[in-house]
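Under full-length UniProt numbering, the first residue of the sequence shown carries the number 1, and numbering increases by one thereafter.
Virtual Cβ for every residue (Gly too), placed ideally from N, Cα, C.
These numbers come from a predicted model, not from an experiment.
The next block holds one structure in the form of structure tokens; read it before the comments.
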Amino acid sequence: MFLRALWSRRAALRPAESFRISSSFLRGSDPKPRAVSSEAPPLHLRGLHSLSGFTSSARFYSSSIVKSVLKSGLKPAALPGKRPPKGPRTKQPSRANQPSLKQDEDMMQCIAFATADQYHLPTLCHDLTNHGFHEIDLPRDASNVLVISTDMTAKPDDDALMFFFREGSVVFWNVEEKTMKQVMRVLEHHEIQPYEVALVHWENEEINYTLGEGNTRLERGDFLLSVDIDQPEAVLEKFAFSNALCLSVKLAIWEVALDNFVESIQSIPETLKSGKRIRLSSAEVMQKIGELFTLRHCINLRSDLLITPDFYWDRENLEKLYEKTCQFLSINRRVNVVNEKLEHCSQLTDLMRSHLSEKHSLRLEWMIVILITIEVMFELAKMIF
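Structure follows, in structure tokens:
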């Protein structure tokens with residue numbers, strides 16, 4: 001009886017032992033965890049160039065890969081302990097506004113990217129013309145943009161055009177994917193402070209367009225270009241649409257930068273609330289203030305987000321197209337939200353600076369008190385002895 005009980009007890013313990021063996025086998029012979037590859041530095045605005053990394057490999061990804069990895073599913077993987085990235089800030093048209101499949105097959109595509117803080121347009125133009133592309137002239141007051149044409153069209157219904165804005169954005173109209181990759185590789189050599197590749201493709205704009213009768217307009221989230229106008233006027237209308245798309249993708253990059261800045265200082269209010277000490281040096285506080293004012297300068301002073309560009313003042317038709325597209329992309333509303341966040345961040349950085357100033361003043365007062373106390377003790381010692 002005793003042997004039977006002992007045998008049954010041993011049999012009951014066997015599954016747990018086998019489970020431990022199998023789990024250790026699954027972990028592998030190496031008991032050490034695998035090292036996690038280092039990510040790019042945080043996207044704080046150290047002159048805005050830390051939004052991006054300089055890479056030696058090609059920075060342009062296939063649009064099919066981008067759609068399958070970023071747009072279709074799932075957001076880019078986040079590091080452990082950090083919040084997952086939010087959805088893209090760029091416009092995602094409602095499904096109710098989407099055309100039917102048959103209509104979608106007939107439409108061409110307009111894609112906008114913000115790849116860098118700025119482009120060096122003269123050298124870019126020279127490089128692209130050496131690769132067989134053709135420059136298209138614009139009016140003299142459109143000096144901040146380079147327009148390039150190519151014969152490599154995605155669909156034969158319209159010409160293929162590319163708009164390169166000095167502010168670091170590029171817009172492709174009906175350009176085949178292979179040519180887009182080639183142009184993006186050339187563009188890498190003329191970027192000033194490029195952005196991260198994943199961020200570039202996450203915050204892009206894709207809008208369908210087609211040719212039709214009547215005036216050029218924005219209809220149900222798509223561009224409808226008139227077939228009744230000549231080629232120079234058609235280029236200017238595409239420029240107006242591209243200008244608005246350029247602002248949208250640049251604003252999306254700055255929105256990401258602001259979110260990262262907010263995340264970097266979000267622990268400070270909780271620290272103040274709990275009564276703990278803020279462990280920030282004066283240099284770190286000044287760095288945060290510099291990041292904040294750099295971002296505010298880019299949005300409110302260096303860009304055309306707050307006012308309509310001078311180019312449209314005597315071109316009423318183009319101004320309507322530009323403003324209609326800005327309204328569709330919710331640019332004004334997004335700018336107001338960003339400025340409201342900037343104001344709150346500015347108040348918090350002012351609080352941090354005043355807190356450090358008070359600490360410094362208190363330290364000086366204590367030093368003065370200690371020095372006076374030492375002097376009094378010396379005087380008392382002289383009087384006594």
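TODO: Would you mind sorting M383 into buried or exposed? The rule is 16 or more other CB atoms within 10 Å of its CB.
DONE: As a position in the sequence shown, residue 383 is number 383, starting the count at 1. So M383 counts as exposed.
Open item on the list: Does I278 come out as helix, strand or coil in the three-state DSSP assignment?
Closed with: Taking the sequence shown and counting its residues from 1, one reaches residue 278 at position 278. In the structure shown, I278 sits in coil (DSSP, three-state: anything other than H, G, I, E or B).
Task: Whole-number beta carbon distance between H134 and S149, since they are thought to touch under 8 Å - done: Looking up residue 149 in the sequence shown gives position 149. Looking up residue 134 in the sequence shown gives position 134. Their Cβ separation, rounded to whole angstroms, is 5 Å, which keeps S149 and H134 in contact under 8 Å.
- [ ] List in chain order: all unbroken beta strand (DSSP E) runs of 3+ residues lying wholly within the stretch 296 to 370.
- [x] none
Open item on the list: For a test of the three-state rule: what should DSSP assign to L124, helix, strand or coil?
Closed with: Taking the first residue of the sequence shown as 1, we reach residue 124 at position 124. Looking at L124 - three-state DSSP - the assignment turns out to be helix.
- [ ] Along the beta strand (DSSP E) that carries D117, what are the first and last residues, could you check?
- [x] Reading the sequence shown from its first residue, position 117 is the one you call residue 117. Taken as a continuous stretch (DSSP letters only), the beta strand (DSSP E) holding D117 covers 116 to 119.
Open item on the list: At the level of alpha carbons, what is the spacing between C246 and L121?
Closed with: Numbered from 1 along the sequence shown, position 246 holds the residue referred to as residue 246. Numbered from 1 along the sequence shown, position 121 holds the residue referred to as residue 121. Cα to Cα, the separation comes out at about 16 Å.
Open item on the list: Could you tell me the alpha carbon to alpha carbon distance between S282 and C326, rounded to whole angstroms?
Closed with: By 1-based counting over the sequence shown, the position of residue 282 is 282. By 1-based counting over the sequence shown, the position of residue 326 is 326. The alpha-carbon atoms of S282 and C326 are separated by roughly 41 Å.
Task: Span of the beta strand (DSSP E), counted from its first residue to its last, around V171 - done: The count along the sequence shown starts at 1 and reaches residue 171 at position 171. Segment 169 to 173, the beta strand (DSSP E) holding V171.
TODO: Output the residue ranges of the beta strand (DSSP E) runs that lie fully inside the stretch 206 to 249 and measure 3 residues or longer, sorted by chain position.
DONE: 217 to 219, 222 to 226
Task: Inter-residue spacing [alpha-carbon to alpha-carbon] between S242 and M184 - done: For this step, residue 242 is matched to residue 242 along the sequence shown. For this step, residue 184 is matched to residue 184 along the sequence shown. Going from the Cα of S242 to the Cα of M184 covers about 17 Å.
Task: K238 versus M162 - alpha carbon distance - done: Position 238 of the sequence shown, counted from the first residue, corresponds to residue 238. Position 162 of the sequence shown, counted from the first residue, corresponds to residue 162. For K238 and M162, the distance between alpha carbons rounds to 10 Å.
Open item on the list: Quick check: what's the CA-CA separation for I167 versus T123?
Closed with: As a working mapping, residue 167 is identified with position 167 in the sequence shown. As a working mapping, residue 123 is identified with position 123 in the sequence shown. Rather than Ile, the amino acid found at residue 167 in this sequence is Glu. Going by the C-alpha atoms only, they are around 15 Å apart.
Open item on the list: Looking only at its chain, what residues have a beta carbon closer than 7 Å to the beta carbon of G214, apart from the 5 residues adjacent to it on each side?
Closed with: Looking up residue 214 in the sequence shown gives position 214. So the list reads S226, once near-sequence residues are dropped.
Open item on the list: Please state the DSSP three-state secondary structure of C152.
Closed with: Sequence index remark: in the sequence shown, residue 152 carries index 152 (1-based). The sequence given here places Met at residue 152; Cys does not occur at that position. Coil.
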